[in-house]
Amino acid sequence: MYSFPIDYIEPVFRPPSEAKSLILPVTNGCSWNKCTFCEMYTQPQKKFRARKPEDIRADIGKAARSLKGVRRVFLADGDAMVLPTRRLLEILADLRSAFPELERVSSYCLPRNLAKKTVDELAQLRQAGLEILYVGMESGDDEVLRRVNKGETWESTRSALEKIREAGLTSSVMVLNGLGGQALSRQHAINTATLCNETQPDYLSTLVVSFPQGEERFREGFGDDFEPLSQSGLFEEIKLFLEHLELENTIFRSDHASNYLVLKGVLGRDKQTMLDQVDLAINSPGAVPLRAEWMRGL
2 MYSFPIDYIE PVFRPPSEAK SLILPVTNGC SWNKCTFCEM YTQPQKKFRA RKPEDIRADI
62 GKAARSLKGV RRVFLADGDA MVLPTRRLLE ILADLRSAFP ELERVSSYCL PRNLAKKTVD
122 ELAQLRQAGL EILYVGMESG DDEVLRRVNK GETWESTRSA LEKIREAGLT SSVMVLNGLG
182 GQALSRQHAI NTATLCNETQ PDYLSTLVVS FPQGEERFRE GFGDDFEPLS QSGLFEEIKL
242 FLEHLELENT IFRSDHASNY LVLKGVLGRD KQTMLDQVDL AINSPGAVPL RAEWMRGL
């Protein structure tokens, strides 16, 4: 019977683009873990802690002995970048030594954690093998961010993404379609687009806010006036978001399992093509394929 070399504390999450990566847990859970829309690390066993260096090193050694040709590694769980730069450099050095074919290392990243790191520190991490940071922007609207207890602001996210760019790292930004509900949909779309324009991320993806375990936790933080967007409302919000985006060379995706409408392209080159697809979805139901409800997921 095959036994995987790393004993994970479930559940384990990673970005869709890290499907072929070795998932290496360097922390358990999320150091913030107060966002009312996020259920990823709310289970008792996912209480945040930084893993011991010797345990991480042991996992790397076991993986190196069992797995061949590892080219990509994703540092889990929710925000490996909370670790001190010195610790991250040690982990990257161990990975480089264990996996001679290693091409890139990536991690989720809370903007608040980059407030504690300098551009020079991030550049050191890039030189040591870190390549991609996945940043949950969620929204560029401060009222939406406050209501969902994100612990971030327009400015904190802008500052983090600016540091990432200055250090030569690749940024992959995630935005939540529908996060502001009906009342805040317009300002959510426009202000999020404005923040993206300001920071010009390398990758940009949209996910639809969803609540597999129910909306109670979200509503407690957001308030009683939250009215979720209908499918057509989600499309209208994406249209408004796209209309206000002025990106120069950003790879855009809305192909996560939570999305009804799959959009792919490069912004701004393919902006009008994607807007035409959204218009079809709004005005001509059935003219473009949509993901069936039973196929959607977190």
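For this note's numbering, count along the sequence shown from 1 and bump the result up by 1.
Even for Gly, the Cβ is constructed at its ideal location relative to N, Cα and C.
Shown here for T154: same chain residues with a beta carbon closer than 7 Å to its own, the five before and five after excluded, namely D143 and L146 in chain order. Annotated three-state conformation of A20 is coil, per DSSP. Per DSSP, V120 is one residue of the alpha helix (DSSP H) stretching across V120 to Q128.
Nearest neighbour of G79 by Cα position, chosen from F100, R50 and P85, turns out to be R50.
Between A190 and D226, the C-beta gap is not smaller than 7 Å, which leaves the two residues out of contact. Residues of the same chain with a CB within less than 6 Å of the CB of S98, apart from the 5 flanking positions on each side, do not exist.
In the three-state reduction of the DSSP assignment, L246 falls in the coil class.
Approximately 34 Å separates the beta-carbon atoms of L123 and S186; this is outside 8 Å, ruling out the contact. Residue pairing by DSSP places G269 in no beta bridge whatsoever.
Nearest to Q128 by C-alpha distance, out of V106, R52, K272 and K48, is V106.
Burial state of D60 is buried, judged by a 10 Å Cβ sphere holding 16 or more other Cβ atoms. Membership of I10 in any alpha helix (DSSP H) is not indicated, and neither H nor E is assigned to it by DSSP. Within its own chain, the residues whose Cβ lies closer than 6 Å to the Cβ of Y135, once the five positions on either side in sequence are excluded, are P16, Y109 and S173, listed in chain order. Around the Cβ of G224, a 10 Å sphere holds fewer than 16 other Cβ atoms; the residue is exposed.
In the displayed model, E139 falls within a strand according to three-state DSSP.
By the Cβ rule, the segment 241–254 does not count as touching the segment 282–294, because fewer than three pairs are nearer than 8 Å.
Going by beta carbons, V263 and D256 fall inside the 7 Å limit. By the neighbour-count criterion, in which 16 or more other beta carbons inside 10 Å mark a residue as buried, M296 falls on the exposed side.
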